[in-house]
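Going by our numbering, the letters in the sequence shown line up with residues 1 to 437, in that order.
C-beta atoms are modelled at their ideal positions from N, C-alpha and C, and glycine is treated no differently.
Remember, predicted model here, so these are calculated numbers, not experimental data.
Written out below as structure tokens is the structure these notes cover.
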Amino acid sequence: MKTDEICVVGVGYVGLIQAVGLASFGLKVTCVDLDPAKIDMLRRGVPPIFEAGLEEALRQAIDRGLIGFSTDIAEAAAAPLYFVAVGTPTSERTGNARLDYLEAAVSGIAAVAPPEAVITVKSTVPIGTCAALQARLDRDHPEKLLAIVSNPEFLREGTALHDFFNPERIVIGGASRPARERVRKSYAGFEERGVPVIESDTFTSETIKYAANAFLATKVTFINEISDLVETVGGDIDEVARGIGLDSRIGPQFLKAGPGYGGSCFPKDTLALATIGRRHGVQQQIVETVIRINDSRRFHILKRIEAAMGDKLSGKRVAVLGLAFKADTDDVRDSPAVEIVHALLEEGAAVRSYDPVAKLTVKHRGYRQCETIAAACEGASAVLVATEWGEFRTFDFTAVEEAVERRYIFDMRRIVDIKAPWARRWDIERIGSPLIR
Ligand code: NAD
Numbered sequence: 001m002k003t004d005e006i007c008v009v010g011v012g013y014v015g016l017i018q019a020v021g022l023a024s025f026g027l028k029v030t031c032v033d034l035d036p037a038k039i040d041m042l043r044r045g046v047p048p049i050f051e052a053g054l055e056e057a058l059r060q061a062i063d064r065g066l067i068g069f070s071t072d073i074a075e076a077a078a079a080p081l082y083f084v085a086v087g088t089p090t091s092e093r094t095g096n097a098r099l100d101y102l103e104a105a106v107s108g109i110a111a112v113a114p115p116e117a118v119i120t121v122k123s124t125v126p127i128g129t130c131a132a133l134q135a136r137l138d139r140d141h142p143e144k145l146l147a148i149v150s151n152p153e154f155l156r157e158g159t160a161l162h163d164f165f166n167p168e169r170i171v172i173g174g175a176s177r178p179a180r181e182r183v184r185k186s187y188a189g190f191e192e193r194g195v196p197v198i199e200s201d202t203f204t205s206e207t208i209k210y211a212a213n214a215f216l217a218t219k220v221t222f223i224n225e226i227s228d229l230v231e232t233v234g235g236d237i238d239e240v241a242r243g244i245g246l247d248s249r250i251g252p253q254f255l256k257a258g259p260g261y262g263g264s265c266f267p268k269d270t271l272a273l274a275t276i277g278r279r280h281g282v283q284q285q286i287v288e289t290v291i292r293i294n295d296s297r298r299f300h301i302l303k304r305i306e307a308a309m310g311d312k313l314s315g316k317r318v319a320v321l322g323l324a325f326k327a328d329t330d331d332v333r334d335s336p337a338v339e340i341v342h343a344l345l346e347e348g349a350a351v352r353s354y355d356p357v358a359k360l361t362v363k364h365r366g367y368r369q370c371e372t373i374a375a376a377c378e379g380a381s382a383v384l385v386a387t388e389w390g391e392f393r394t395f396d397f398t399a400v401e402e403a404v405e406r407r408y409i410f411d412m413r414r415i416v417d418i419k420a421p422w423a424r425r426w427d428i429e430r431i432g433s434p435l436i437r
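Structure follows, in structure tokens:
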């Protein structure tokens, strides 16, 4: 065993970026994942997810002999430092994050890890999880002196590699100082560049992650409520957002009116935080309200489309442009676009979708995924822009004018070029702009 060896357990969106990123520093990384198809692809240098720059970074790591892959933790080289990035999806029963994947991964690691190994939790976990894991390790493997460290992840899908190399802060929580130091050392390059490192207990670091996501979800929800107001009273929501965002106390990010937050993190993490609050008798009222407002947003959108189509979606064909929960990723988990597709199908509409990378496994008689924007728009009575992909910003809808049943666009992302010459020939409604009728 070499002391610079690292093992990353769970190589999805977070773990794979972590593994490839650490390998680029010259560290030797073994990746372990239960999914044999994923490991097989990775061995061949093919990333199982879509992320800018990932394929090249993965190939470089393989060519330099710095990254290896296995489905079995027992087969992987024992390492002094582990990063665990397995999923922590919502439990349908409790609303909290499920810990079964994490507990299984940590037990597997503990069985093969060398003494004094550090097990770093990158997964987003309920407050108190790392302390409970540490207590369990101390009980089950007292002779090994294993240490749990909490090191939450803040990357954004779509810019994940960029975010790995340019973190705004690094949070390291743990009871053991030497263990925290070990993790801190693996990020030494960042610290030399002035990236702030916050060292804390695990309760603090776990709370930082939930509080950060809940705050961002609140910001999104706040601008969406203001956007609803603008739709009714008039005004320009983008200018409102710019006008408040230039205030440095507020900041410009996450002030884009849209279909509500989605993705694999915000919905799950806000729900978990609300559940944790209730469990401890400290109700998180802001977060609970944010969840409620965000959940009802799809209904609001559907009502607007319905109104534009004469109150009847049944039998109409709708083109949905975009499936991913945001641009530049293939991730469709909790995607507003996908929820809208389901809602439209439930209302009896026929749906044709197009997304440059994301794919859905939905099988429904009225649903078809298309390879081009034009094919999705064929016969459509409404074109719905659901994800802010760059190609939808610049698309000239003249190309589909003859193909559609009605020239109507509902822009959930406010990206369609309404000043383009073709736009004069279309009815375009946008979230955050007053109705056209
Ligand atoms: P993911 O579903 O893409 O990847 C998880 C991987 O873990 C899967 O490949 C799965 O096969 C593997 N796995 C599960 N159990 C395992 C086990 N016992 N041993 C080995 N592998 C196992 O998930 P993700 O999106 O990368 O998220 C991982 C964690 O990071 C979650 O807690 C999430 O909340 C958090 N997080 C995600 C993001 C993001 O943008 N995706 C950002 C910050 C934090």
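Whole-angstrom distance between THR270 and TYR187, CA atom to CA atom: In this structure, the CA atom of TYR187 is about 28 angstroms from the CA atom of THR270.
Excluding five sequence neighbours on each side, which residues of the same chain lie with their C-beta closer than 6 angstroms to the C-beta of ALA74? Non-local C-beta neighbours of ALA74 in its own chain, meaning closer than 6 angstroms and more than five positions away in sequence, comprise VAL112, ordered along the chain.
Secondary structure at ILE373, three-state DSSP: helix, strand or coil? Residue state, collapsed to three classes: helix.
Quick check: what's the CA-CA separation for GLY189 versus ASP236? Whole-angstrom Cα-Cα distance: 44 angstroms.
Verify the contact flag: LYS359, CB atom, against every heavy atom of ligand 3, threshold strictly below 7 angstroms. This structure does not include ligand 3; its bound ligands are ligand 1.
Minimum C-alpha distance to SER335 - residue among VAL341, ALA105, PHE325 and GLN134: When only C-alpha atoms are compared, the closest one is PHE325.
As a quick exercise: from ASN213, ILE170, GLY15 and VAL383, pick the residue whose alpha carbon is nearest that of SER200. The alpha carbon of SER200 has as its nearest neighbour, out of ASN213, ILE170, GLY15 and VAL383, the alpha carbon of ILE170.
Beta-carbon separation of VAL357 and VAL341 under 8 angstroms? It is not a contact, given that the beta carbons lie outside the stated cut-off.
Compute the Euclidean distance between the alpha carbons of GLU225 and ASP328, then round it to the nearest angstrom. Each residue's alpha carbon lies about 26 angstroms from the other.
Whether or not the region 202-210 and the region 167-186 are in contact is what I'm after, with contact meaning three or more pairs of Cβ atoms, one per stretch, closer than 8 angstroms; do they touch? Between the region 167-186 and the region 202-210, the count of C-beta pairs closer than 8 angstroms reaches three or more; the two stretches touch.
Hey, out of TYR101, ALA52, GLY108 and GLU51, whose CA is closest to ALA78's CA? Closest by C-alpha distance to ALA78, out of TYR101, ALA52, GLY108 and GLU51, is GLY108.
Suppose contacts are defined by Cβ-Cβ distances below 8 angstroms. Is ARG413 in contact with THR372 by that definition? No.
LEU155 versus VAL14 - alpha carbon distance: One C-alpha to the other measures close to 8 angstroms.
Helix, strand or coil for GLY277, going by three-state DSSP, please let me know. Reduced to three states, the DSSP call for GLY277 is helix.
Kindly indicate which three-state DSSP category ASP427 falls into: helix, strand or coil? DSSP places ASP427 in strand when its eight states are reduced to three.
Tell me whether PRO89 is buried or exposed, calling it buried when 16 or more other Cβ atoms sit within 10 Å of its Cβ. Exposed.
Among TRP426, GLU153 and ILE431, the one whose alpha carbon lies nearest that of HIS300: Closest by alpha carbon: ILE431.
DSSP puts SER123 in a beta bridge; with which residues? None; SER123 has no bridge partner.
Specify the secondary structure class of GLU153 as computed by DSSP and reduced to three states. In the structure shown, the three-state DSSP call for GLU153 is coil.
Considering only C-alpha positions, which residue in the set LEU321, ASP311, VAL290 and GLY10 is nearest to TYR354? Measuring from the Cα of TYR354, the nearest candidate turns out to be LEU321.
Within 10 Å of its beta-carbon, does VAL282 have 16 or more other beta-carbons around it, so buried, or fewer, so exposed? Per the 10 Å Cβ criterion, exposed.
For ASP269, name the three-state secondary structure that DSSP assigns. The three-state reading of DSSP puts ASP269 in helix, counting H, G and I together.
Measuring only from the beta carbon, is GLU153 closer than 7 angstroms to any heavy atom that is part of ligand 1? Yes, the beta carbon of GLU153 sits closer than 7 angstroms to at least one heavy atom of ligand 1.
Pop quiz: GLY243 and GLY251 are said to be a contact at Cβ under 8 angstroms. What is the actual Cβ separation, rounded to whole angstroms? That belief does not hold up - the Cβ atoms of GLY243 and GLY251 are roughly 13 angstroms apart, past 8 angstroms.
Using 10 angstroms around the beta-carbon of VAL46, count the other beta-carbons present and answer buried if the total reaches 16, otherwise exposed. Classification for VAL46: exposed.
Quick check: ALA179 and VAL84, are their CB atoms within less than 8 angstroms of each other? Taking 8 angstroms as the Cβ cut-off, ALA179 and VAL84 do not qualify as a contacting pair.
Cα separation between VAL8 and ALA97? For VAL8 and ALA97, the gap between their C-alpha atoms comes out near 21 angstroms.
If ALA442 and VAL362 are in contact, beta carbons under 8 angstroms, what's the gap, nearest whole angstrom? Here the chain covers residues 1 to 437 and nothing more, so residue 442 does not appear.
Between which residues of its own chain and ILE409 is the CB-CB distance below 8 angstroms, once the five residues before and five after are set aside? ALA382, VAL383, LEU384, VAL385, PHE397, VAL416, TRP426, ASP427, ILE428 and GLU429, listed in sequence order.
Considering ALA319, what are the terminal residues of the beta strand (DSSP E) in which it resides? Element bounds for ALA319: 317-321.
Apart from the five residues just before and just after LYS2, which ones in its own chain have a Cβ nearer than 8 angstroms to its Cβ? Reliability fails at LYS2, whose pLDDT of 49 lies under 50, so the model's placement of it is uncertain and the value that follows must be treated cautiously. Cβ within range, chain order: LYS28.
Cβ-Cβ separation, ILE223 to ALA272 (assumed contact under 8 angstroms), whole Å: Incorrect: roughly 23 angstroms between the Cβ atoms, too far for contact.
Is there at least one non-hydrogen atom of ligand 1 closer than 7 angstroms to the beta-carbon of THR124? THR124 Cβ: within cutoff of ligand 1.
Going by C-alpha to C-alpha distance, which of GLY263, SER296 and ARG136 sits closest to ARG332? According to the sequence as given, residue 332 is Val; it is not Arg. Out of GLY263, SER296 and ARG136, GLY263 has the C-alpha closest to the C-alpha of VAL332.
So, using beta-carbon positions, are ARG298 and GLY348 closer together than 8 angstroms? Contact: no.
In terms of residues, what are the limits of the alpha helix (DSSP H) holding SER186? Its alpha helix (DSSP H) spans residues 177-186.
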